[in-house]
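Under full-length UniProt numbering, the first residue of the sequence shown carries the number 1, and numbering increases by one thereafter.
Here a beta-carbon is modelled for each residue, glycine too, at the ideal position from N, C-alpha and C.
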Amino acid sequence: MHEQYQPREIEAAAQSHWDTQKSFVVNEQPGKDTFYCLSMFPYPSGKLHMGHVRNYTIGDVIARYQRMQGKNVLQPMGWDAFGMPAENAAMKNKVAPAKWTYENIDYMKTQLKSLGLAVDWTREVTTCKPDYYRWEQWLFTRLYQKGVIYRKNGSVNWDPVDQTVLANEQVIDGRGWRSGALIEKREIPMYYFKITAYADELLSSLDDLDGWPEQVKTMQRNWIGKSRGMEVSFPYDVASIGEAGSMKVFTTRPDTLLGATYVAVAAEHHLASVALARLPSDKAAELQAFIDECKRGGVAEADIATQEKKGLPTGLFVEHPLTGEKLPVWVANYVLIHYGDGAVMAVPAHDERDFEFAHKYQLPIKAVVRTTAGDETPAPWQDAYGEHGQLINSGEFDGLDFEGAFDAIEVALQKKSLGQARTQFRLRDWGISRQRYWGCPIPIIHCDNCGDVPVPEDQLPVVLPEDVVPDGAGSPLARMPEFYECSCPKCGNPAKRETDTMDTFVESSWYFARYASPQYTGGMVDPAAANHWLPVDQYIGGIEHAILHLLYARFFHKLMRDEGLLDSDEPFKNLLTQGMVVADTYFRVLENGGKDWFNPADVEIERDAKGKVIAAKLKIDGQPVEIGGTEKMSKSKNNGVDPQAMIDAYGADTCRLFMMFASPPDMSLEWSDSGVEGGSRFLRRVWRLTQTHVNAGLPQALDKNTLSDAQREVRRAIHLAIKQASQDIGQHHKFNTAIAAVMTLMNVLEKAPQQAEQDRALLQEGLETVALLLAPITPHISHQLWSELGQHGAIIDARWPQLDESALVQDSLTLVIQVNGKLRGQLEMPASASREEVETAARSNENVLRFTEGLAIRKVIVVPGKLVNIVAN
Ligand code: ANZ
Ligand code: ZN
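Encoded structure:
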């Protein structure tokens with residue numbers, strides 16, 4: 001055994017063992033417990049970042065731990081390979097996105113392999129390859145025929161200068177990222193997944209996901225946003241509108257109906273167009289300008305919620321459905337066309353947005369709910385009162401509570417056929433058309449005779465050409481006749497292939513299922529394999545995917561179930577959302593007020609006694625830099641640490657150990673060089689102790705029945721570590737405290753005597769335990785230690801150590817120490833200790849020494865098994 005711990009050699013040897021033994025290649029084994037451990041697959045951006053390393057280490061530790069429990073563990077890996085960064089890189093470097101992507105995959109794969117992940121690489125899935133996306137296209141055509149996918153107009157961000165559609169992230173402060181032009185909303189035909197048809201199930205089955213963080217379930221519930229409310233019709237005032245009809249609104253507060261003082265519609269609403277036609281020309285021009293303004297500024301909903309409320313009157317009126325009172329119709333920028341019915345009944349007294357609006361435009365405010373303070377008219381108006389309460393100022397409904405009013409008002413409206421209860425979801429259908437090149441082609445052919453025709457199964461896949469370099473001016477596919485010219489599958493006439501591609505969230509919505517049978521050519525998944533492995537037992541990934549990715553994946557799972565492709569209802573039984581990797585930031589303020597950020601590696605820091613950073617200077621010029629606090633590692637703050645540099649310097653095991661030791665997986669992890677060094681030091685200690693031990697020759701087997709008290713204490717420490725680590729890893733995913741338990745054990749083992757045969761046998765058990773407990777976390781060094789410890793067979797095939805409960809039984813007692821009757825400490829003594837032994841131990845106890853300093857001990861009173869009182873003066 002080498003004297004020095006040499007991670008490079010050890011890691012290469014362990015990895016080559018796993019490779020040649022195909023240790024991680026798994027197949028269905030009926031009768032054996034399965035465990036499917038999945039980490040969110042990476043986007044091949046170029047190289048791994050610390051967040052990836054953390055994610056995949058957590059997954060790998062869980063996978064290896066489960067394998068040591070005797071389970072048949074599947075841990076696959078692949079590439080979420082379509083997406084915009086490839087197009088941006090292509091434009092910058094003039095290389096095709098395909099080439100860029102495949103090269104990144106090659107490099108990142110070697111990086112992942114160097115981490116020693118227990119991954120079945122034979123199942124690798126790459127979503128930009130036709131053998132993957134052909135099944136996505138296949139499912140698309142099936143769902144299209146079923147009506148689960150349909151076509152309708154949707155709004156997009158349109159850049160009028162570049163003449164192209166932009167993704168939300170390409171719109172910066174309302175302007176195109178390249179042209180700087182003001183972005184307009186445009187309506188174009190797009191394809192939609194009818195996810196709203198699954199809204200109820202997506203919501204209710206969250207209740208069955210006991211293994212998901214509560215926070216993520218709440219985020220999903222809010223996103224789906226189920227509200228019970230009422231659809232209310234406001235008949236048109238024919239004199240002002242010029243036509244008969246009614247304006248529909250959706251409200252969650254029908255109890256406030258008598259408090260409606262105006263109504264408001266979205267810029268795209270029918271009544272806005274009516275107003276344009278009927279207003280005098282100056283007013284119409286003003287309204288037109290406002291409508292244009294509303295339509296500009298992108299489609300991101302978050303912006304709409306926070307922007308200043310603005311509006312214009314239309315000169316139109318509707319009638320209150322119960323009182324017949326005329327209410328003015330306004331166009332307002334806070335009313336969304338795609339939510340509810342694109343119109344609201346405004347109740348300023350009880351809705352904050354309406355309140356802000358009414359206040360600004362001096363519209364009447366009428367209270368119809370009694371506040372808890374009991375005020376009828378809380379004037380002067382400070383704010384809307386949004387709580388439920390007893391009705392006031394509402395005629396026959398006065399005195400009713402929310403539920404009572406809801407029902408009574410529904411009855412009143414039904415009588416007039418002007419309303420009824422309705423449940424509504426915030427969730428909208430999922431528009432998946434993207435006017436981008438690097439994505440999965442939508443398998444539709446447009447024919448003048450036959451309309452939209454799905455590409456027949458035997459003509460799939462529709463292959464995306466891979467040698468195209470996009471130039472940023474719209475999708476190149478739309479300018480490639482060789483791509484879009486085709487003949488209609490139905491009538492044979494010349495037709496045009498769809499040139500939009502799918503949202504890349506589609507690929508990541510079903511990859512977990514494809515891993516079950518990645519090379520299967522008979523369908524999207526082999527149902528037997530899918531049912532064998534799914535649902536995923538443990539899914540691990542970033543909280544940033546708490547809503548969209550997880551919702552879409554759950555949706556796809558249900559779609560696939562309803563296609564008869566698999567049996568389960570949900571894809572991920574347990575979910576672990578890992579915390580961020582954070583690091584210190586340093587900067588200097590530039591003359592223009594901006595900041596120049598420096599990488600922590602280029603900064604020298606000074607700490608106070610408590611380790612807090614108090615000053616920092618740049619290494620190259622020795623001049624001070626400002627300390628910007630701890631932030632998520634990112635390019636923008638230049639505080640990233642390249643994991644590769646760490647792996648190269650210390651080895652993968654140290655990197656993995658640090659990642660797992662520095663904090664629990666769901667908390668943020670603060671990068672620290674000294675932490676990494678600490679990890680490396682610990683592994684060297686383990687190495688050194690094992691080396692000294694095996695160099696002396698392997699001992700005989702341990703005889704548990706003839707252990708001395710001291711030896712029993714050592715054995716107790718070994719099994720305490722097993723107990724602690726098993727609980728921490730198996731039940732709580734607290735890898736950090738599991739590692740701490742191993743460290744405690746190491747302290748005991750290092751101090752234990754190593755001469756007698758029994759002592760050496762005990763150390764053997766201790767070191768085997770250390771190797772086994774560390775095996776999921778630092779698999780390479782454990783692999784080596786295991787064989788050095790004389791084990792036949794590799795540790796990868798070994799079982800997690802068994803707890804021997806009898807080793808935990810403690811024959812010692814805790815005695816209280818008093819000095820002059822005051823409690824001063826505790827004393828741990830073997831139950832068999834004599835009165836004299838107890839007294840001697842008490843006299844040398846450090847607290848006793850401290851409290852008797854300068855005094856003479858007059859008397860020592862021992863109450864056996866309970867206390868020692870020392871009388872001194
Ligand atoms: C009157 C009212 C009175 C409302 C009141 C609230 C409080 P959720 O819970 O999200 O479903 N609303 C309806 N359609 C809208 C649209 N297209 N754009 C903007 N707002 C719209 O919200 C339902 C509430 O949001 C509805 O209830 C409506 O305002 C508003 F004291 O109607 B409410
Ligand atoms: Zn046709």
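Exposure label - residue i; buried when at least 16 CB within 10 Å
{"i": "L845", "result": "Checking the sequence, you will find Asn at residue 845 rather than Leu. Classification for N845: buried."}
{"i": "L855", "result": "exposed"}
{"i": "S806", "result": "exposed"}
{"i": "S636", "result": "exposed"}
{"i": "V589", "result": "exposed"}
{"i": "T814", "result": "exposed"}
{"i": "P30", "result": "exposed"}
{"i": "E214", "result": "exposed"}
{"i": "L808", "result": "exposed"}
{"i": "H792", "result": "exposed"}
{"i": "P481", "result": "exposed"}
{"i": "N72", "result": "buried"}
{"i": "R434", "result": "buried"}
First and last residue of the uninterrupted beta strand (DSSP E) at residue i
{"i": "G675", "result": "Premise fails: G675 lies in the alpha helix (DSSP H), 673–695, not in any beta strand (DSSP E)."}
{"i": "E757", "result": "Unbroken run through E757 is the alpha helix (DSSP H), 757–774; no beta strand (DSSP E)."}
{"i": "M190", "result": "184–193"}
{"i": "F250", "result": "246–251"}
{"i": "I736", "result": "Before going further, note that residue 736 is Asn rather than Ile in the sequence given. Unbroken run through N736 is the alpha helix (DSSP H), 735–751; no beta strand (DSSP E)."}
{"i": "T57", "result": "Premise fails: T57 lies in the alpha helix (DSSP H), 50–68, not in any beta strand (DSSP E)."}
{"i": "M829", "result": "822–830"}
{"i": "L618", "result": "613–618"}
{"i": "E606", "result": "603–607"}
Alpha-carbon to alpha-carbon, residue j and residue i
{"i": "G46", "j": "D567", "result": "37 Å"}
{"i": "Q519", "j": "P454", "result": "25 Å"}
{"i": "N847", "j": "M633", "result": "46 Å"}
{"i": "M247", "j": "R228", "result": "20 Å"}
{"i": "L749", "j": "G766", "result": "7 Å"}
{"i": "I722", "j": "L575", "result": "25 Å"}
{"i": "D200", "j": "Y334", "result": "27 Å"}
{"i": "L418", "j": "P321", "result": "7 Å"}
{"i": "A14", "j": "D642", "result": "24 Å"}
{"i": "P44", "j": "L112", "result": "12 Å"}
{"i": "L327", "j": "T306", "result": "26 Å"}
{"i": "T692", "j": "S708", "result": "23 Å"}
{"i": "E169", "j": "V344", "result": "30 Å"}
{"i": "F402", "j": "A421", "result": "14 Å"}
{"i": "D526", "j": "Y511", "result": "13 Å"}
{"i": "F505", "j": "E457", "result": "23 Å"}
{"i": "A197", "j": "T110", "result": "43 Å"}
{"i": "G389", "j": "A264", "result": "25 Å"}
{"i": "T778", "j": "I58", "result": "12 Å"}
For residue i: DSSP bridge partner residues
{"i": "H446", "result": "D452, K496"}
{"i": "N574", "result": "G211"}
{"i": "A583", "result": "E631"}
{"i": "L36", "result": "A quick correction: the sequence has Tyr, not Leu, at residue 36. Y36 is bridged to L74."}
{"i": "C486", "result": "A495"}
{"i": "F317", "result": "P328"}
{"i": "D596", "result": "R588"}
{"i": "R151", "result": "Y191"}
{"i": "V838", "result": "Answer by DSSP bridge pairing: none, since V838 is not bridged."}
{"i": "G419", "result": "V232"}
{"i": "N869", "result": "Q818, I861"}
The alpha helix (DSSP H) enclosing residue i, as first and last residue numbers
{"i": "C655", "result": "652–661"}
{"i": "C294", "result": "281–295"}
{"i": "N27", "result": "No alpha helix (DSSP H) holds N27; DSSP gives it neither H nor E."}
{"i": "I105", "result": "97–114"}
{"i": "residue 888", "result": "Residue 888 is absent from the model: the chain starts at 1 and stops at 873."}
{"i": "T20", "result": "7–20"}
{"i": "K360", "result": "352–361"}
The ligand FAD heavy atom lying under 6 Å from the CB of residue i
{"i": "G340", "result": "Ligands displayed in this structure: the ligand ANZ and the ligand ZN; the ligand FAD is not among them."}
Using the beta carbon as the reference atom, which residues fall closer than 5 Å to any heavy atom of the ligand ZN, ordered along the chain?
-> C447, N449, C450, C488, K490, C491
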